[in-house]
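**Q**
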DNA sequence: AATGAATGAGACTTCATTCAT
DNA sequence: CATGAATGAAGTCTCATTCAT
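Residue numbers (the working numbering), protein chains in the order written: chain A, 1 to 233; chain L, 234 to 466; chain C, 467 to 699; chain Z, 700 to 932.
1. Starting from the C-beta of residue 597(C), find all residues in its chain whose C-beta is less than 7 Å away, skip the five residues before and the five after it, and write them out in chain order.
2. Roughly how many angstroms lie between the CA atoms of residue 296(L) and residue 442(L), to the nearest whole one?
3. Measuring alpha carbon to alpha carbon, tell me which residue in 173(A), 136(A), 183(A) is nearest residue 368(L).
4. Mapping DSSP to helix, strand and coil, what is residue 680(C)?
5. Just checking, does the region 564-572 of chain C make contact with the region 615-629 of chain C on the three C-beta pairs under 8 Å criterion?
6. Report the option in 745(Z), 748(Z), 741(Z), 756(Z) whose CA atom is closest to the CA atom of residue 729(Z).
7. Counting C-beta neighbours from all protein chains within 10 Å, is the total for residue 42(A) 16 or more, i.e. buried, or is it exposed?
8. Verify the CB distance criterion: does residue 361(L) have a CB-CB separation below 8 Å to chain A?
9. Beta-carbon separation of residue 81(A) and residue 120(A) under 8 Å?
10. Give, in chain order, every residue of the region 744-757 of chain Z whose Cβ lies closer than 8 Å to some Cβ of chain C.
11. Give the straight-line distance between the Cα atoms of residue 515(C) and residue 670(C), rounded to the nearest whole angstrom.
12. In whole angstroms, what separates the C-alpha of residue 605(C) from that of residue 795(Z)?
13. Leaving out five residues before and five after residue 199(A) in sequence, what residues of the same chain have Cβ atoms less than 7 Å from its Cβ?
14. Provide the residue span of the alpha helix (DSSP H) that contains residue 132(A), from first to last.
15. Out of 637(C), 623(C), 599(C), point me to the one whose CA is closest to residue 614(C)'s CA.
16. For residue 318(L), go through chain A and note every residue whose CB falls closer than 9 Å to its CB, in chain order.
17. What residues from chain C crowd round residue 883(Z), counting only those whose CB sits closer than 7 Å?
18. Can you name the start and end residues of the alpha helix (DSSP H) that residue 418(L) belongs to?
19. For residue 350(L), which three-state DSSP category applies?
20. By how many angstroms is the C-alpha of residue 177(A) removed from the C-alpha of residue 410(L)?
21. Specify, as a first and last residue, the run of the alpha helix (DSSP H) that residue 548(C) falls within.
22. State the Cα-Cα distance for the pair residue 672(C) and residue 765(Z), rounded to the nearest angstrom.
23. Residues of the region 572-603 of chain C in Cβ contact with chain Z at a cutoff of 9 Å, in chain order, please.
24. Starting from the C-beta of residue 506(C), find all residues in its chain whose C-beta is less than 6 Å away, skip the five residues before and the five after it, and write them out in chain order.
25. Does any residue of chain L bring its CB to less than 8 Å from the CB of residue 4(A)?
26. Do you know how far the Cα of residue 164(A) is from the Cα of residue 93(A)?
27. For residue 324(L) and chain A, any beta-carbon pair shorter than 8 Å?
28. Nearest to residue 680(C) by CA position, among 860(Z), 732(Z), 901(Z), 880(Z), is which residue?
29. Could you list the residues in the region 378-400 of chain L with a C-beta less than 7 Å from some C-beta on chain A, going in chain order?
30. Strictly under 8 Å for the Cβ-Cβ distance: is residue 434(L) near chain A by that measure?
31. From the DSSP output, in three-state form, read off residue 13(A) for me.
32. Output the distance between the C-alpha atoms of residue 117(A) and residue 294(L), rounded to the nearest integer angstrom.
33. In the DSSP assignment, the alpha helix (DSSP H) including residue 662(C) goes from what residue to what residue?
34. Between the alpha carbons of residue 721(Z) and residue 727(Z), how many angstroms are there, rounded?
35. Work out the CA separation of residue 72(A) and residue 554(C) for me, nearest whole Å.
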């Protein structure tokens, strides 16, 4: 369990005696985890303080000893889990191989993460509307990391010659693509369990990135770039 | 105004006397338009029945003569406007040209539509969460149309040899890409006006579709398809 | 009941049929009266919307059909009742007589009003803190009316030669005096009933206004005005 | 006893070591001062235990080692400061002079005190509602002292022949007058600083006490005492 | 003594929906 | 059909007080 494994494993077997700071952190974590679960299950809109504290097993007032505002917790949700996700993906992509292979690994690892933390998908999708601050932060982090990878690949000659600006665009396209695909192929509303992503998703993704959408007919794609039509110049 | 021009222009002179059905339809349309405006301006979450009826200039109770539920209206919103959008794009893509050129035209037309109907972007983005029924319907419609186009292109040899299943995947990727790009590059929060999409967005989109992400190094992309790593054994 | 006697006596004997506007005004009045009672009984601080609506016999939500905010109603309370009080006092002071006599009448009438509307005292006293807007409005109204009376008396030679500025000061002194006296002598916390003000209060008030506090020893008071000690000049 | 010299001499050099009782009293004083400041700044209603302890620099729980209840501290506030005020005024009124002169001095000294302890005004005004017990105690103290002064003046023939009961009434009138005047003329909401009271306030106050409100017309004011009108017959 | 986390009641306000007029 | 007043559940947040450490 990636997100919850952060607490110090409380030594031998003691459970009764905890320092004040530990109890504090524990409660905070209980609330955070409860929020993750509730948002994952019901969405941000239904993640009332009342429900979160009930899930965490504390009184409603306790919430406000740890978070200034309901929104504050909600805004922390995605960035925190997001970092977890990046860590997860990096661990799975440590190997060598071409950029194409590594991108495919990342793609797969992303779906694997969805299986491990099923709440993530919903949190990611809804955060844009319900936790904009956290969402922006997450997007910046992910997009930045992604863009770095692509630029590095470009330097190595493994990625086509996009400009830096274009790379930023690509990053957003790929993130968007992942988002839609995950919604389309990884959701299972009924029992929250995330099924394995089908093979043809992986292959389509790989083929698009490898060779583009269009068959090469009259030379290269670069030979005929899209140009603005209206507004001329 | 694309969306509202659909109503039967109620004859020449008549304005005072309307049949019951006409008055009926008129009020319904007033509510619908009001909802579109309110959601565009404030988002679904703030689109209370009270605000919608105020914008429409009718009493709150009137709402329930036309819609069983607030959610009912909200669910109709996107599919209705979505059809409008498709029509708009089709009109702009009537010309001949290669599939690549036409796809670029469609991409551009999409952003043009955002300029014409600034509410659309917000409605599209939020509908997934606030009007899931309508959202699914819209997605199905758009994805279906899109897939038809790609299959036709494939038949003509202008689109690479993706399987039908893969084409469905591609469609979602492209829709996702558009979605993220429109959010990233077409929003202008301050005054709701949508600015023109930058050139490098168009070029990056075109280049990805034309030649893929990766430089061709040792042959073709197809030569080294992505294969599942785990669960493969 | 001065305050509540404002509604049109609803015709013959009908109670069943009321126009919409009448029912509306009736509910509003119910809320207003309930607020008056609750504030009179428990004070502003305890006058929660919940208590007010319970007293009025309507649902809590109904409150907000009539007042934008709890504070809004509270701010209306004093000015409304205050006007009632002024009317009451004026009616009791219609007769002729010297200014001194009339002032004594007004003083007495004020205490009589406290008997009729026992809530007034508490509302007046607390409004300064809990309904500042309404309080300022009330004070201005009363002080203005009072100052007019004193200036008129001065013109007739029945009131000593105070400057306009000094009259304003006097007005506040007299209002303050009344306020403290009413609290000291008219309150009866236990059962809210206001007892008659003792004779020596009336006489002390009259004597102070008639001849000042100090015995005339060496001529007139004006001969030895208070002068600033510090700050020179 | 020589042996006792071994105890920590908390004399000159000692500051670090305080007896238990001293530390105790110190914390209590810190809380009291903090409360004074907070109430002066924000008013009783906003003077939560949390804010007071924060201002005092102690933990919330510490509060309840010194005061049984939040209300307990609030009730001590005014009487304590009130005694301070009386002391201040007495010091400033030590000189000889007629009663009239001394009353004027007291009046001035009162406003001077407001300048020295700007919190006092707010505490005085709000205590009636938020710390009734303390308020009553304060009023009794001040009224008692005031009444003694006036009776003494009467004995010396410098104050008119009021009965003891009437003197009590006068005392409340004068206290009320001061209260209203201080609110009207001494407040300066913006920066809490109290400005000097205008000259015409002093003069009006002096003139009323010296010669009453009404011009002597047909003899003496005493010749026509206020008599009850109603209930008299 | 001091600490500060935990508690839970209660406050204001919003809103979808109903229904008598 | 239109109206708009009435409803009551639910939501966020504050705060005095308690109590184990």
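For each residue, glycine too, the CB sits at the ideal point set by N, CA and C. For clarity, every value in this text was computed on a predicted model and none was experimentally measured.
**A** Quick look at the numbers:
1. Here the question's residue 597(C) lines up with position 131 in the third chain. Only 510, 540, 541, 543, 544 meet the Cβ criterion.
2. Position 63 of the second chain holds residue 296(L). Position 209 of the second chain holds residue 442(L). Near 46 Å, if we compare the C-alpha coordinates of residue 442(L) and residue 296(L).
3. In the second chain, residue 368(L) corresponds to position 135, counting from 1. Answer by Cα proximity: 183(A).
4. Position 214 of the third chain, counted from the start, is the residue given in the question as residue 680(C). Residue state, collapsed to three classes: strand.
5. With the rule of 3 Cβ pairs closer than 8 Å, the region 564-572 of chain C counts as touching the region 615-629 of chain C.
6. Counting from 1 along the fourth chain, the entry for residue 729(Z) is found at position 30. Here the closest residue by C-alpha is 756(Z).
7. On the first chain, residue 42(A) is found 42 positions in, with the first residue counted as 1. When all chains shown are included, residue 42(A) counts as exposed.
8. As a first step, residue 361(L) must be located in the second chain, where it is residue number 128. Answer yes: the Cβ-Cβ gap between residue 361(L) and chain A drops below 8 Å somewhere.
9. For the purposes of this step, residue 81(A) is taken as the residue at position 81 of the first chain. For the purposes of this step, residue 120(A) is taken as the residue at position 120 of the first chain. Cβ atoms of residue 81(A) and residue 120(A): closer than 8 Å.
10. For the region 744-757 of chain Z, which is checked against every Cβ of chain C, the residues closer than 8 Å are 744.
11. As a first step, residue 515(C) is located in the third chain; it is residue number 49 there, counting from the start. As a first step, residue 670(C) is located in the third chain; it is residue number 204 there, counting from the start. A straight line joining the alpha-carbon of residue 515(C) with that of residue 670(C) spans about 42 Å.
12. Sequence index remark: in the third chain, residue 605(C) carries index 139 (1-based). Sequence index remark: in the fourth chain, residue 795(Z) carries index 96 (1-based). Cα to Cα, residue 605(C) sits roughly 39 Å from residue 795(Z).
13. As a position in the first chain, residue 199(A) is number 199, starting the count at 1. Result list for residue 199(A): empty, nothing under 7 Å.
14. Stepping through the first chain from its first residue, residue 132(A) is reached at position 132. Note, residue 132(A): alpha helix (DSSP H), 132-155.
15. As a first step, residue 614(C) is located in the third chain; it is residue number 148 there, counting from the start. For residue 614(C), the nearest C-alpha among the options comes from 637(C).
16. Residue numbering aside, residue 318(L) sits at position 85 when the second chain is read from its first letter. Contact of residue 318(L) with chain A by beta-carbon distance below 9 Å is absent, the smallest such distance being about 17 Å.
17. On the fourth chain, residue 883(Z) is found 184 positions in, with the first residue counted as 1. Against chain C, a Cβ distance below 7 Å from residue 883(Z) picks out 638.
18. Sequence index remark: in the second chain, residue 418(L) carries index 185 (1-based). Segment 397-418, the alpha helix (DSSP H) holding residue 418(L).
19. Within the second chain, the letter at position 117 stands for residue 350(L). The answer is coil: DSSP assigns residue 350(L) none of H, G, I, E or B.
20. Counting from 1 along the second chain, the entry for residue 410(L) is found at position 177. Counting from 1 along the first chain, the entry for residue 177(A) is found at position 177. A straight line joining the alpha-carbon of residue 410(L) with that of residue 177(A) spans about 5 Å.
21. Start at 1 with the first residue of the third chain, and residue 548(C) comes out as number 82. Per DSSP, residue 548(C) belongs to the alpha helix (DSSP H) from 536-558.
22. Locating residue 672(C) in the third chain gives position 206, where the first residue counts as 1. Locating residue 765(Z) in the fourth chain gives position 66, where the first residue counts as 1. One alpha carbon belongs to residue 672(C), the other to residue 765(Z), and they sit about 48 Å apart.
23. Correct list: 573, 574, 578, 591, 592, 594, 595, 596.
24. Locating residue 506(C) in the third chain gives position 40, counting from the first residue. A distance below 6 Å between beta-carbons, with the five flanking residues on each side excluded, links residue 506(C) to the following residues of its chain, in chain order: 585, 588.
25. Here residue 4(A) is taken as the residue at index 4 of the first chain, counted from 1. Bear in mind that the predicted position of residue 4(A) carries a pLDDT of just 44, short of 50, making it unreliable; the figure below should be weighed with that in mind. The C-beta of residue 4(A) comes no closer than 8 Å to any C-beta of chain L.
26. Your numbering for residue 93(A) matches position 93 in the first chain. Your numbering for residue 164(A) matches position 164 in the first chain. Using only the alpha carbons, I get a separation of about 24 Å.
27. In the second chain, residue 324(L) corresponds to position 91, counting from 1. Taking Cβ atoms only, chain A never reaches closer than 8 Å to residue 324(L), which makes this a no.
28. For the purposes of this step, residue 680(C) is identified with residue 214 of the third chain, where counting begins at 1. Taking only the C-alpha atoms, the option nearest residue 680(C) is 860(Z).
29. Along the region 378-400 of chain L, going in chain order, the ones with a CB nearer than 7 Å to a CB of chain A are 390, 391, 392, 393, 395, 396, 398, 399.
30. If you number the second chain from 1, residue 434(L) lands on position 201. Residue 434(L) counts as touching chain A.
31. Here residue 13(A) is taken as the residue at index 13 of the first chain, counted from 1. Confidence at residue 13(A) is low in this model, with a pLDDT of 44, below 50, so the placement of that residue should be treated as unreliable; the coordinate-derived value is given next. Collapsing the DSSP output to three states places residue 13(A) in coil.
32. Your numbering for residue 117(A) matches position 117 in the first chain. Your numbering for residue 294(L) matches position 61 in the second chain. Spanning the two alpha carbons is a distance of roughly 44 Å.
33. As a position in the third chain, residue 662(C) is number 196, starting the count at 1. That residue, residue 662(C), is in no alpha helix (DSSP H); it is neither H nor E in DSSP.
34. Residue 721(Z) sits at position 22 when you count from the first residue of the fourth chain. Residue 727(Z) sits at position 28 when you count from the first residue of the fourth chain. Taking the straight line from one Cα to the other gives about 10 Å.
35. Numbered from 1 along the third chain, position 88 holds the residue referred to as residue 554(C). Numbered from 1 along the first chain, position 72 holds the residue referred to as residue 72(A). Those two C-alpha atoms are separated by around 55 Å.
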